[in-house]
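Right, dumping it as structure tokens:
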């Protein structure tokens, strides 16, 4: 069983805390940063699972395998870094696209829940805000937003 | 030969995806590659099912690295069964998407060009998740599957969909990172990520730690499987996507999460008694999901909540840790993949016909054609568990398992399950009345005859038929399901297939693999410290001798 030393534990724990704090923000950009920090902390944790730092990497020669750093977590962390990197780019593109389409990058309250609560009282046709809410909550892919106007 | 059979469900869709991206200018070639690739993979999955049922689990060590260190693919009865149903549904949904035009109508359409490659990669990820024999490979499979699903759910997204897509993407990412964290701590504790090896080593680590791992993995897969209270993202994100994408995500992704949960909990943390926390979660999932469904005013959201609710049935079977319970889970998962996909496809057809998915508007609109009503009737009643449809088979076994178990907790849950069944029937009746009753409005104009409607209806009918086939073949399917459940609880067949006859892989075999071979820790006994850490008195010496060797070599 590998245990963490105090420094690593504090660093990983701190990164996790910062990451989760950012993930709970309303701004999508901060959310993205939160994902990045959380990704780093997780990769660091996987790397530290190999044991204490400072041991030489595997060269493929020599008999005493115990002296080498365990290469398996390194391979896993490398894979995970590639994945988190790719996903970060996708997320960034999504945030940008959302900003282009919506003009802001904030997560608003759940419109569908509010709409359900109010569904007993049908909206007036001129209620612009209501129409926007309906369009963002209810539509199906085939006819985005059309159901409200007909 | 079996090696190729095992790798084919993963490799074929990946190759087809690559080719599909290369020929993006030709929609016809993309369609051919997509359907062809999935069809061959489906045939392969059926062969895998037959072979694994006759011979026991099939194992492939990718690259020739032996089990605890290398990448292992395993097909046992459970994974082959779910793989076959999943690929069949994926194929049907792809045909629907082609008919609907989600997959691109014209040739050389750059907006729709990513659909086919992403869809095929999604299928590859699902296959890999079912076949993965180690935790990290399972993580990669999830990532492959989820990354494709991010693309699919956000493809061509407008204002209304982009935010819902973000919810889905971020929740899934969080669950992936938690999964990776779990892998890190499990590796630190046991020195392996191979599922079979973990199954042998888990009993050696302290009980408190084992409980933490068990719960961590339960939460990770609970998010993916939409177990209440981790379900919140699903009804917000799935309904907004186009019908075929919703159908494939709802049918496959939640079941992959559930499969991973069943696999890890039974293999890594074997129990003989019912597990109360999961029992409670199952009950809450059943009731919260179905009550949420009844409150909904939108067809797709209603179906999403029903989906969440019925995950509870499968959790119920798992939480009992008995052969009958797990048989029920396996049967119910198979049925649910087909029926849930069919319902979402029908909802898509209804929305395309009436131009809305809102139940109150559908109630006023003219009813869709009779064929849709027939398909919905079969699927809806099957979901509610009316005999002799497929939902009945799974539910009956689950109820038997609950009665067998006895005890206040199991019986309470039994009552919740029955109540959920009734409420599901009510929800389906609500949909039926709103959608298929004659509305006050006459069809105001001639419906645009969309080319491909026949294809869409055919694909939907095909999905419904998969469910009917499960019901027709209930006897043999239930027997295979029961054998799969016995395998899950006994574990021996799986462990022996992956690790060889127990204790028969001597240390020197692994040492002969060459130096720096990553299975180093696997040789050490599971209890106690696996790697020496900083305090290891031999560590410093080893390092210096190694340096001397290096110098000599130079």
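Protein chains in written order, with my numbering: chain D, 696 to 845; chain V, 1335 to 1888. Note that beta-carbon positions come from the ideal geometry of N, C-alpha and C, so glycine has one too. Predicted model, so just to flag it, every value in this text is computed and none were measured.
Report the option in the options whose CA atom is closest to the CA atom of residue i.
| i | options | result |
| --- | --- | --- |
| residue 1378 of chain V | V:1418, V:1691 and V:1400 | V:1418 |
| residue 1687 of chain V | V:1693, V:1700 and V:1678 | V:1700 |
| residue 1451 of chain V | V:1571, V:1384, V:1346 and V:1464 | V:1346 |
| residue 1741 of chain V | V:1468, V:1610 and V:1376 | V:1610 |
| residue 1504 of chain V | D:709, D:765, D:721 and D:796 | D:721 |
| residue 1605 of chain V | V:1584, V:1573, V:1660 and V:1633 | V:1660 |
| residue 1553 of chain V | V:1771, V:1595, V:1732 and V:1454 | V:1595 |
| residue 1337 of chain V | V:1367, V:1368, V:1397 and V:1366 | V:1397 |
| residue 1703 of chain V | V:1684, V:1695 and V:1697 | V:1684 |
| residue 1591 of chain V | V:1479, V:1614, V:1359 and V:1628 | V:1479 |
| residue 1370 of chain V | V:1421, V:1598 and V:1545 | V:1421 |
| residue 791 of chain D | V:1493, V:1425 and V:1454 | V:1493 |
| residue 1601 of chain V | V:1825, V:1335 and V:1354 | V:1825 |
| residue 1762 of chain V | V:1727, V:1705, V:1669 and V:1637 | V:1637 |
| residue 1343 of chain V | V:1472, V:1460, V:1693 and V:1680 | V:1460 |
| residue 1447 of chain V | V:1360, V:1519 and V:1513 | V:1360 |
What's the gap between the Cα of residue i and the Cα of residue j?
| i | j | result |
| --- | --- | --- |
| residue 804 of chain D | residue 1814 of chain V | 47 angstroms |
| residue 1340 of chain V | residue 1373 of chain V | 15 angstroms |
| residue 1790 of chain V | residue 1689 of chain V | 16 angstroms |
| residue 1739 of chain V | residue 1654 of chain V | 7 angstroms |
| residue 704 of chain D | residue 1515 of chain V | 13 angstroms |
| residue 1412 of chain V | residue 1490 of chain V | 36 angstroms |
| residue 1286 of chain V | residue 1364 of chain V | Beyond the ends of chain V as shown, which are 1335 and 1888, falls residue 1286 of chain V; an answer cannot be given. |
| residue 1844 of chain V | residue 1468 of chain V | Summary for residue 1844 of chain V: the model assigns pLDDT 39, below 50, so the residue's position carries little reliability, and this model does not support an answer. |
| residue 1677 of chain V | residue 1581 of chain V | 8 angstroms |
| residue 821 of chain D | residue 1572 of chain V | Residue placement at residue 821 of chain D is flagged as unreliable, the pLDDT there being 44, under the threshold of 50; a coordinate-derived value is accordingly withheld. |
| residue 1433 of chain V | residue 725 of chain D | 40 angstroms |
| residue 1848 of chain V | residue 1827 of chain V | Its pLDDT being 40, under 50, residue 1848 of chain V is placed unreliably in this model, and the value from its coordinates should be taken loosely. Going by the C-alpha atoms only, they are around 29 angstroms apart. |
| residue 1537 of chain V | residue 1525 of chain V | 14 angstroms |
| residue 1865 of chain V | residue 1476 of chain V | In this prediction, residue 1865 of chain V has a pLDDT of 35, which is less than 50 and means its spatial position is unreliable; what the coordinates show is noted afterwards. Between residue 1865 of chain V and residue 1476 of chain V, the C-alpha separation is close to 29 angstroms. |
| residue 1756 of chain V | residue 1647 of chain V | 14 angstroms |
| residue 1569 of chain V | residue 1695 of chain V | 20 angstroms |
| residue 1457 of chain V | residue 1665 of chain V | 21 angstroms |
| residue 1585 of chain V | residue 1758 of chain V | 17 angstroms |
| residue 713 of chain D | residue 702 of chain D | 16 angstroms |
| residue 1511 of chain V | residue 1788 of chain V | 43 angstroms |
| residue 1793 of chain V | residue 1426 of chain V | 5 angstroms |
| residue 1356 of chain V | residue 1822 of chain V | 42 angstroms |
| residue 838 of chain D | residue 1589 of chain V | For residue 838 of chain D, the pLDDT reaches just 38, beneath the cut-off of 50, and the residue's location in the model is therefore unreliable, leaving the point undetermined. |
| residue 823 of chain D | residue 1455 of chain V | The predicted position of residue 823 of chain D is uncertain, since its pLDDT is 42 and thus under 50; a value taken from the coordinates is nonetheless stated next. In a straight line, the C-alpha of residue 823 of chain D is about 41 angstroms away from that of residue 1455 of chain V. |
| residue 697 of chain D | residue 1629 of chain V | 50 angstroms |
Against residue i, what residues of chain D qualify as contacts under a CB-to-CB distance less than 8 angstroms, listed in chain order?
| i | result |
| --- | --- |
| residue 1474 of chain V | 774 and 778 |
| residue 1499 of chain V | 789 |
Is the CB-CB distance between residue i and residue j below 8 angstroms?
| i | j | result |
| --- | --- | --- |
| residue 862 of chain D | residue 729 of chain D | For residue 862 of chain D there is no data in the structure shown, the boundaries of chain D being 696 and 845. |
| residue 742 of chain D | residue 1484 of chain V | no |
| residue 1717 of chain V | residue 1640 of chain V | yes |
| residue 1747 of chain V | residue 1616 of chain V | yes |
| residue 1714 of chain V | residue 1765 of chain V | yes |
| residue 796 of chain D | residue 1496 of chain V | yes |
| residue 793 of chain D | residue 723 of chain D | yes |
| residue 1732 of chain V | residue 1809 of chain V | no |
| residue 1691 of chain V | residue 1633 of chain V | yes |
| residue 1805 of chain V | residue 1727 of chain V | yes |
| residue 1652 of chain V | residue 1734 of chain V | no |
Residue i versus chain V: which residues are under 7 angstroms apart at the beta carbon?
| i | result |
| --- | --- |
| residue 713 of chain D | Those within 7 angstroms of residue 713 of chain D in chain V number zero; the least Cβ separation is about 13 angstroms. |
| residue 734 of chain D | 1511 |
Listing by chain order, which chain D residues have their CB less than 7 angstroms from the CB of residue i?
| i | result |
| --- | --- |
| residue 1503 of chain V | 786 and 789 |
| residue 1655 of chain V | Per Cβ cutoff of 7 angstroms: no residues; residue 1655 of chain V is ~27 angstroms from chain D at best. |
Which chain V residues are close to residue i, counting only those with a beta carbon under 9 angstroms from its beta carbon?
| i | result |
| --- | --- |
| residue 797 of chain D | 1493, 1496 and 1497 |
| residue 771 of chain D | 1470, 1473, 1514, 1517, 1518, 1521 and 1527 |
| residue 730 of chain D | 1504, 1507, 1508 and 1511 |
| residue 710 of chain D | Near residue 710 of chain D there are no residues of chain V at all, since even the closest Cβ is about 11 angstroms away, more than 9 angstroms. |
Given that residue i touches chain D, what residues does it touch there, using C-beta distances under 9 angstroms?
| i | result |
| --- | --- |
| residue 1481 of chain V | 778, 781, 782 and 785 |
| residue 1484 of chain V | 782, 785, 786 and 789 |
Which residues in chain A have a C-beta closer than 7 angstroms to the C-beta of residue i? List them in chain order.
| i | result |
| --- | --- |
| residue 1477 of chain V | Here the protein chains are D and V, and chain A is not one of them. |
Practice prompt. For the stretch 1528-1542 of chain V and the stretch 1394-1408 of chain V, state whether three or more C-beta atom pairs, one from each stretch, are separated by less than 8 angstroms.
Written response: Contact between the stretch 1528-1542 of chain V and the stretch 1394-1408 of chain V is present, because at least three Cβ pairs lie under 8 angstroms.
Discussion item. Would the stretch 1719-1730 of chain V count as touching the stretch 1661-1680 of chain V if we require 3 or more Cβ pairs under 8 angstroms?
Written reply: Flag = yes, the stretch 1719-1730 of chain V and the stretch 1661-1680 of chain V touch.
Discussion item. Taking contact to mean 3 or more Cβ pairs, one atom from each stretch, closer than 8 angstroms, check whether the stretch 1390-1404 of chain V and the stretch 1554-1561 of chain V are in contact.
Written reply: No, they do not touch.
Fill in: Contact the stretch 1345-1364 of chain V vs the stretch 1380-1398 of chain V: 3+ CB pairs below 8 angstroms
By the criterion of at least three beta-carbon pairs nearer than 8 angstroms, the stretch 1345-1364 of chain V is not in contact with the stretch 1380-1398 of chain V.
Worksheet item: With contact counted as at least three CB pairs below 8 angstroms, one residue from each stretch, are the stretch 765-780 of chain D and the stretch 1459-1468 of chain V in contact?
Response: The stretch 765-780 of chain D, when compared against the stretch 1459-1468 of chain V, does not touch it at the 8 angstroms Cβ threshold.
Item to complete: Please determine if the stretch 734-746 of chain D and the stretch 771-789 of chain D are in contact, where contact requires at least 3 C-beta pairs separated by less than 8 angstroms.
Response: Counting Cβ pairs under 8 angstroms, three or more are found: they touch.
Worksheet item: At a cut of 8 angstroms, does the stretch 1743-1752 of chain V reach the stretch 1792-1800 of chain V through at least three beta carbon pairs?
Response: By the criterion of at least three beta-carbon pairs nearer than 8 angstroms, the stretch 1743-1752 of chain V is not in contact with the stretch 1792-1800 of chain V.
Discussion item. I'd like to know if the stretch 1542-1556 of chain V and the stretch 791-803 of chain D are in contact, where contact means that at least 3 CB-CB pairs between them fall below 8 angstroms.
Written reply: These segments do not touch.
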